[in-house]
Structures are given as C-alpha cells and as structure tokens.
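Numbering (mature numbering (1 follows the signal peptide of the UniProt record, and there is no 0)), first residue to last: -20 to -1, 1 to 874.
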C-alpha cells in the first residue's frame, strides 16, 4: 500500500508542475478615492465560471489574491460591492504574473424605489450575516445537507454530524428562516437533500428570541439554508433506494418530501437501512434540546439517570463499521402561519431500531498487590422504539411582545438481551428499559423601546424511567449466604422526577453599549429513587438487607442572578456575574424508616471574564469562576443498588455541596473565514471537594461507593491552525491537545491512591481545492495516553490516518475513494488495520436520475482490536465488524 501512496503523490506533484503562480494585489476605492471595505474580489475560470479563489477587501480597501494558472486557461477577476457596478478583467498566463491592480468602482445609480440591485457574488457579507452561494462551492457529489456544508469555507462537519463554524458548534440549522429541530439539527442535515439548497447563511451573534436581537450579548452562531426558487411553493423531494448486490443482505432506502410555501411548510422524511447509518444523530438533542444559560432557558439542564446500562464499549472508530442495525425512521414535520402574528410548529418522530453488538475482551486487574485477568465473550441485541411529538405555538401580541407555548412528549422503550461468556461461564442478561418524558414551557417576552426587555418563563417537566433487569448467574454467591452461582438475580428499579420552575429576566442595554441583566426565580425538583434487589434460590426468594433503596429527594432553589457587561471601548470589555442561591434539601429515606433529613444552605457563585481585541486579527479572552453545586439523587442514596451483572454501587448517604474553581484563557489569530486562522485554549480547574469511588474489586464482583476527597485538578490545552497553501491550492489544518487529570480513589482498602492521567494528541490534515477532475483529503493523528499511580504505570500510543480521493471524470461520472489506517502500539500482533470504501455515481438525467455503486470494507476486515488503559489495569478488546458489501443505488429527484 505504501508504494501505491508514493505513486499517487508523485503523480499529484507532477500535476502541480503544470501550474504557474500569479499574485495580484491592490486597493479598491470609489470615485472619491475612499476605500471600499468588504468589497469582493473573485477569480473565475473563464470557460467554466468555476471560482478559483476569492478575497474580501479589508477596512483600507486592500486585497490580495494568489492562484495557480494553467498553460492554456483564461481567467477573469471581478471586483464588486453593494451599490457599485462590478469591474472585470481577463487574465492569461502571458500577463504579468505578479502585479498591482488598483480598481475604482463606479456607483450604480440604477436603483428603483424600495428595490436595491445587488451584484451576483458567491460570498456576501452584511453585518452579522455571511451568505455563501452553494453552486460556487459544490461539485455535484453531495447527497445530503451535511455533505454540502463540508464544502463551505470555514464550516466543518464531524463524523457524528456535529457542525462547527471555526471552532464553535452552531446553535441550530434552519430552513428558510424557520427552525424545525433546534439542537437536534443532525436529524435535518443527515436527511435533507443537498440539491435544492441555493444559499447557506452563517448568522453571527444569533438570538433565539427575536425580541432580544441587539439587546442580549450573544456569541451564538446559527445556519440558515435558503432553497432555490423552483423548490419553493411546490412539492419536491427525492427517493434513494440501495440494495446489496454482493450478499443480498444489506439495504438503504431514503425518501424526502418537502413543500415550503409562504404560509405553510412541510417536511416529511423516512429512512430504512441496515448498513450502520445513523439517520438521527443523538436523539437526546432532539428530545432535550438545550440552550442552557441563555435568557428563558430555565429547566434546560434537567435530565434523568439510570442505574443500569448494559455494557457496549464503543471503540474510537467509525460507528458505521461496527454498528449492526435494522433501523426504520419516520418523521412528519410542519409549520403553519395562520397569520403574520401566529405560528404553529409540529414535529412527529418515530424510530424503530434493532441493534446487535459483538465484542471479546480481556481485562487485566493490577492494584494494591492483587492481580487477575477476566475474559468476556459478549453479544448484545437491543430492540428500540422511540416516539417523539412536539407542539410549538408562537403568538406576537404586538411588534414588541410575544408569547410562546411549547409542549413535548417522548416515549422510549428498549428490550436488551445479552449473551455473555464470563470466564467460560455462560450468563444471560435481560433488561427492559422505559423512559417517559413530558415537558411543558410557557414564555412571555416584552421589549421596551429598543434597548430593554423582560422575559417571564414557566416550566414543568415530568420524567419516569423504570427498569427491569434479570441475570441467570449469581456472581455474588460469596457475598450472600445460602446462595449458589446458578441462582437467578433480579432488580426492579426506577428513578422518576418532577420539576417545576418560574423566573423573570430583565435585560437593559445602555446607550454606551453596557448591558445589565438580572433574573430571579424558584425551582422545585422532587426525585423518587427505588430499587428492589432479589436472588431466587432453589428454595426461596432472598431480598438482602442493605441492597434495597427507596427515597424521595427534594431540592427547592430560590435564586437571584445578576450580570454586568462593561465596554471600556469597542475592543475591550469585562463581564462580572454573581449567582446567589438559597437551597432547601429534603431527604426522606423510606428504607431506613428514619425521619426526613432537611437542610437549608445559602451560597454565591461569582465569575469574571474579560475580552480584548488587540486588532482585527488578534483576540484574547480570559475568564474565572468559583462554583458550588448540589448533589443529585444518584450521588446520595444510602444502600447498594445493582448497576451491572457483577457490580453494586451506592451513594454517600448524605447531602453534599461540591466546591470548585476554574479559569480559562483563549487566543484567536485571524478570523475563521480568513486564509490563516489559529486558536489556542488553556483551561485549569480545581475541585476542592470531589466525588470519587471506594471500590472493593474481586475477580467475581465489584462493590463501589461514593466518597468525597479533596483537591482534584484538571489542566487542558489545545492549539489548532488553518492555513491555505496557495502554491498547491490546499488547506492545511494542524492540531494538538494535552490534558492532565490528578485525582484520588480507594481500591481494596488501600490508602487514597494518587493517580495522574495524561493524554496527548497531535495531527495534520491537508485538503485540496482544485477546479479540475481530482481532489484529495489526507490526514494523520497520533494519540498517547498514560496513567501513573503508586507502583503502577501504563501507557500506549495509537495512530489513525486517512486518505480520501475524489475524481470527477466528467459531468456525469464521479468516483469517491475513502481509505483509513489504524495502528495500535501496545498490541503485539494484529496491531494494524486498513479499510477502503468506494462510491461511483453516474447521472443518467442531470439533477433528476442517478445510479451509484457504493462498496464498503473492500478489504473485508472482519474484526478490529484495540488496547485501552485505566487506573486499575488494561483491556484488550476485539470488535466484530460489518463484512464487505456493495450497494447498487438508484436516486430519483422530483
């Protein structure tokens, strides 16, 4: 394979030798010789009109563009600005290849009443909005929205669908300025067809509440997808059908149906596949969409926990390679506008999935003078059904007042069955898992003048999560008298809660740009935790004392929060926040029949942050905070509860407040849309009190209890840079990170063990931006982990590399090749793995019908082995992978 890579790169650099470098710079002014900042400078290939490069004039009107010019090709350079006539000039290889070109634009007087004529430009900048016209950045290989977004400069999409602009995740992704899925935007971008998307708008300083625009101090970023005119006000969509022609075992089918009229909008889609494709992203982001910390977000941080999670260790690996699924997804979504003031949004979502997961592992335990090795041959099969419905009603009482009523309901049912061979002993686990959640929110917003606003919000949440767990093998026989290894064990458990909260939030933007905010509110949360553990012997059913829990835990929080944002200048600001809490905790333990415990505490969480823009290219941000947090119900229950087929755990049995300090420093060089952009981030956190574990570990079982120790420290740093290399028309991305965690725990009656965990990673990526038939994306990342404790040290270094190739052979045929290499340094054998996927697409009818062949896992790698470490030993785990398959796909767009 290395010879193949060598030939590829030799051929690539031979191709580069056919180019000549040209650099053009100058100043763009108007007829009065005043500089035109934000003027667009765009270089196109004359024959194809393909964008080669572009620049945006700075505040002095200066620009600079560099690009490679082909022997016979001709190019045009276009200068444009809003309200001015564009200026064009042709460039050939015979021209001066390093020249100064100053341009004076003439004002365009052809302005009709209330209509402004804008020049056709691929990138437009207007205040807080950057608009990209997608036709100038795509090549026709894009299937869904996330494929298209990967081609937009400054936007990145991770393997799991997370979208970032620069280094910041987006708040939401809208269509035609309407938001369907909030933080659950992956459901949209993984399904919405790419072809109808005409523009991508990056919205900076985005406000979720339109009445707060220009008042709140927001650093959020959102995306808005604008559709082509032919896609508006009529039904359109696509059908993609794929079937495995090699084994007849795999399929992938997708249907999208959309209509975006002026008053009503509809988006229906479905997906059926068993190729490991995740069509929803993280469903919890849809069910529990959170904007915690922003005005009106009361209750967004509320969630439930569960006692038992069947083990499904996930490798640091592409999920679609080891995910055996059989998914069926249906989503019906609509937005109705009965009037200009009234808007109704509805979402209906149903997902069925059958998941299978296979691994074999060897776990080595080394701690406190005890050594042993456990082996597991593990298979897990899960049947899921998730139902979700949302009703969002917005009514504008006036231009300055609005009310929102939001209702959500979700129901998830899962049946999981695990066949396990633990140290050659067969074990069968069954888990029935249910989650019901009802969420109701009402919010009133009122804007006073143009710089003040009041928000009043109420929230009610009820969530129930019962579990039923059975195991046909008793690994605790040495812990409980009169029991045998073959006895059945069972636990019925539930963690349910109700949450009620109300708050008022006042914002006052001063004329000098300062912002004062104050909010006050009260929240009440009541948790009910119960577990009933039993062992069924040949003669009796035993319910051991000390392994049953039933308690009610109530937290009443009355708070007063204030923040002041002070601007010393346009470049320098400081933000001070003070958060006062009066909390009453109540703990009623039904198991012990004791009187309820109750406490009332008052504490203050202060924070301070400052931001300094040294100039347009350099920005520094520093922040520090003292925090005190209250314990949740899973941290305080008294007796042991079953948390796995060989694990018990329990809480502290008492109220706890944990104190911590954190500080962070960030530095930005350039802007995310520049050709060079670098960021550095360092954070330090110290927990004066932290929850850790006191564990009794044997070869058969583990008992774990929460304890509180002092002084946990975390330090982390990361650096990233993006640089466009003009001489090879490629973007270079370099990244490095470091983190160190110092903590303590107790194992097998040891003194408190001091543990240090260090993680390092560094990598490079290079992505081309050629206008020809060929493009590439290559990268490598090294990861080193080490753990040190008294008498114990373990470390390893792994490497992941990839090479993606794109060939657009003509207007009808394109080929995409993806290759990956994984290396595991601590594995003596089977430590290197190669993967390759290929997709070839042929357009039968342009923008209408296409045929493609998608072949995955071409080397037919059947297993994947990795090595991991922790503070008590190491694990070698082997995962079963989806075998090689080839999907023949037919796509029809209507």
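Glycine included, each C-beta is placed from N, C-alpha and C at the ideal position.
> How long is the line joining the alpha carbons of residue 201 and residue 608, rounded to whole angstroms?
Replying inline: For the purposes of this step, residue 201 is taken as the residue at position 221 of the chain shown. For the purposes of this step, residue 608 is taken as the residue at position 628 of the chain shown. Roughly 29 Å between the two C-alpha positions.
> If you measure from the CB of residue 296, is any heavy atom of the ligand SAM nearer than 8 Å?
Replying inline: The ligand content of the structure shown is nil, which means the ligand SAM is not present either.
>> Between 500, 636, 330, which has its C-alpha nearest residue 437's C-alpha?
In response: Numbered from 1 along the chain shown, position 457 holds the residue referred to as residue 437. Comparing Cα-Cα distances from residue 437 to each of 500, 636, 330, the minimum goes to 500.
>> One question on the structure: do residue 521 and residue 456 come within less than 9 Å of each other, judged by their Cβ atoms?
In response: Start at 1 with the first residue of the chain shown, and residue 521 comes out as number 541. Start at 1 with the first residue of the chain shown, and residue 456 comes out as number 476. It is not a contact, given that the beta carbons lie outside the stated cut-off.
>> Assuming contact is defined by CB atoms lying nearer than 9 Å, are residue 150 and residue 203 in contact in what I supplied?
In response: For the purposes of this step, residue 150 is taken as residue 170 along the chain shown, with counting starting at 1. For the purposes of this step, residue 203 is taken as residue 223 along the chain shown, with counting starting at 1. Going by C-beta atoms, residue 150 is nearer than 9 Å to residue 203.
> Excluding the five sequence neighbours on either side, which residues of its own chain have a C-beta within less than 7 Å of the C-beta of residue 86, listed in chain order?
Replying inline: Against the chain shown, residue 86 aligns to sequence position 106. Correct list, in chain order: 11, 64, 65.
>> Can you list, in chain order, the residues of its chain with a C-beta nearer than 6 Å to that of residue 856? Leave out the 5 residues immediately preceding and following it.
In response: Counting from 1 along the chain shown, the entry for residue 856 is found at position 876. 342, 847.
> Rounded to whole angstroms, how far is the Cβ of residue 584 from the Cβ of residue 610, which I believe are closer than 8 Å?
Replying inline: Working through the chain shown from its first residue, we reach residue 584 at position 604. Working through the chain shown from its first residue, we reach residue 610 at position 630. Not quite, the Cβ-Cβ distance comes to about 14 Å (not below 8 Å), so this is no contact.
> Can you list, in chain order, the residues of its chain whose CB lies under 7 Å from that of residue 309, leaving out five sequence neighbours each side?
Replying inline: Counted from its first residue, the chain shown places residue 309 at position 329. These residues qualify, in order along the chain: 250, 251, 259, 260, 331.
> Quick one: is residue 97 buried, meaning 16 or more other Cβ sit within 10 Å of its Cβ, or exposed?
Replying inline: Translated into the one-based positions of the chain shown, residue 97 becomes position 117. Its pLDDT being 40, under 50, residue 97 is placed unreliably in this model, and the value from its coordinates should be taken loosely. Per the 10 Å Cβ criterion, exposed.
> For residue 95, does the three-state DSSP call read helix, strand or coil?
Replying inline: Position 115 of the chain shown holds residue 95. Only weak support exists for where residue 95 lies, its pLDDT of 40 falling under 50; the coordinates are left without a value.
> Under a three-way DSSP split, which group does residue 673 fall into?
Replying inline: Here residue 673 corresponds to residue number 693 of the chain shown, with the count starting at 1. The answer is strand: DSSP assigns residue 673 an E or B state.
>> Please return the same chain residues whose Cβ sits closer than 7 Å to the Cβ of residue 863, not counting the five positions on each side in sequence.
In response: One-based indexing of the chain shown puts residue 863 at position 883. Correct list, in chain order: 837, 840, 842.
>> Can you look up residue 125 in the DSSP assignment and give me helix, strand or coil?
In response: Counting from 1 along the chain shown, the entry for residue 125 is found at position 145. Residue state, collapsed to three classes: helix.
> Is DSSP giving residue 19 helix, strand or coil here?
Replying inline: Position 39 of the chain shown, counting from 1, holds the residue named residue 19. DSSP places residue 19 in coil when its eight states are reduced to three.
> Near residue 827, which residues of its chain fall below 7 Å by C-beta distance, leaving aside the five closest residues on each side in sequence?
Replying inline: In the chain shown, residue 827 corresponds to position 847, counting from 1. Here the set comprises 175, 873.
> Would you say residue 920 and residue 335 are within 9 Å of each other, going by their C-beta atoms?
Replying inline: Here the chain comprises residues numbered -20 to 874, so residue 920 is not present and cannot be evaluated.
>> Can you tell me whether residue 859 is buried or exposed? The criterion is at least 16 other CB atoms within 10 Å of its CB, across all chains shown.
In response: Taking the chain shown and counting its residues from 1, one reaches residue 859 at position 879. Buried, because 16 or more other Cβ atoms sit within 10 Å of the Cβ of residue 859.
> Is there contact between the segment 448 to 465 and the segment 402 to 414, where contact requires at least three CB pairs shorter than 8 Å?
Replying inline: yes
>> Can you tell me whether residue 652 is buried or exposed? The criterion is at least 16 other CB atoms within 10 Å of its CB, across all chains shown.
In response: Stepping through the chain shown from its first residue, residue 652 is reached at position 672. With 16 or more other Cβ atoms within 10 Å, it is buried.
>> For residue 391 and residue 415, I'd like the C-alpha separation in whole angstroms.
In response: Mapped onto the chain shown, residue 391 falls at position 411. Mapped onto the chain shown, residue 415 falls at position 435. Approximately 6 Å between the Cα atoms of the pair.
>> Can you give me the C-alpha to C-alpha distance between residue 324 and residue 198, rounded to a whole angstrom?
In response: As a position in the chain shown, residue 324 is number 344, starting the count at 1. As a position in the chain shown, residue 198 is number 218, starting the count at 1. Each residue's Cα considered, the two are about 26 Å apart.
> Along the chain, which unbroken stretches of the beta strand (DSSP E) at least 3 residues long are found entirely within the segment 420 to 505?
Replying inline: 432 to 444, 446 to 451, 468 to 489
> So, is residue 705 buried or exposed, given that buried needs 16 or more other C-beta atoms within 10 angstroms?
Replying inline: Within the chain shown, the letter at position 725 stands for residue 705. Per the 10 Å Cβ criterion, exposed.
> Taking DSSP as the reference, what is the three-state secondary structure of residue 191?
Replying inline: Here residue 191 corresponds to residue number 211 of the chain shown, with the count starting at 1. Residue 191 falls in the helix class under three-state DSSP.
> For the putative contact between residue 47 and residue 23, defined by C-beta atoms under 8 Å, what is the C-beta separation to the nearest angstrom?
Replying inline: Within the chain shown, the letter at position 67 stands for residue 47. Within the chain shown, the letter at position 43 stands for residue 23. Indeed, because the Cβ distance is near 6 Å, the residues count as touching under 8 Å.
> Closest by CA to residue 726, which one among 696, 411, 510, 677?
Replying inline: Translated into the one-based positions of the chain shown, residue 726 becomes position 746. Measuring from the Cα of residue 726, the nearest candidate turns out to be 677.
>> Can you look up residue 264 in the DSSP assignment and give me helix, strand or coil?
In response: Taking the first residue of the chain shown as 1, we reach residue 264 at position 284. In this structure, residue 264 counts as helix in the three-state DSSP scheme.
>> Once the 5 residues before and after residue 853 are set aside, which same chain residues still bring their CB inside 6 Å of it?
In response: Working through the chain shown from its first residue, we reach residue 853 at position 873. Result list for residue 853: 344, 345, 346, in chain order.
> Would residue 20 pass as a contact of residue 58 if the rule is Cβ separation under 9 Å?
Replying inline: For the purposes of this step, residue 20 is taken as residue 40 along the chain shown, with counting starting at 1. For the purposes of this step, residue 58 is taken as residue 78 along the chain shown, with counting starting at 1. Yes, they are a contact pair.
> Can the beta-carbon of residue 439 be found closer than 9 Å to that of residue 479?
Replying inline: As a position in the chain shown, residue 439 is number 459, starting the count at 1. As a position in the chain shown, residue 479 is number 499, starting the count at 1. Taking 9 Å as the Cβ cut-off, residue 439 and residue 479 qualify as a contacting pair.
>> For residue 302, report the span of its alpha helix (DSSP H) as first-last.
In response: Taking the chain shown and counting its residues from 1, the one referred to as residue 302 is at position 322. From DSSP, the alpha helix (DSSP H) with residue 302 extends over 299 to 302.
>> Suppose the cutoff is 6 Å on Cβ atoms and the five residues either side in sequence are ignored; what does the same chain contact list for residue 246 look like?
In response: By 1-based counting over the chain shown, the position of residue 246 is 266. For residue 246, where only same-chain residues beyond five positions count, the Cβ hits under 6 Å are 239, 314.
>> Report the CB separation of residue 487 from residue 432 in whole angstroms; it is logged as a contact under 8 Å.
In response: Along the chain shown, read from residue 1 onward, the residue named residue 487 stands at position 507. Along the chain shown, read from residue 1 onward, the residue named residue 432 stands at position 452. Their Cβ separation, rounded to whole angstroms, is 7 Å, which keeps residue 487 and residue 432 in contact under 8 Å.
>> Tell me the DSSP secondary structure of residue 90 in three-state form.
In response: Within the chain shown, residue 90 is the residue found at index 110, counting from 1. In this prediction, residue 90 has a pLDDT of 49, which is less than 50 and means its spatial position is unreliable; nothing more can be read from the coordinates.
> Where residue 683 and residue 417 are concerned, what is the direct C-alpha to C-alpha distance, given to the nearest angstrom?
Replying inline: Here residue 683 is taken as the residue at index 703 of the chain shown, counted from 1. Here residue 417 is taken as the residue at index 437 of the chain shown, counted from 1. Using only the alpha carbons, I get a separation of about 31 Å.
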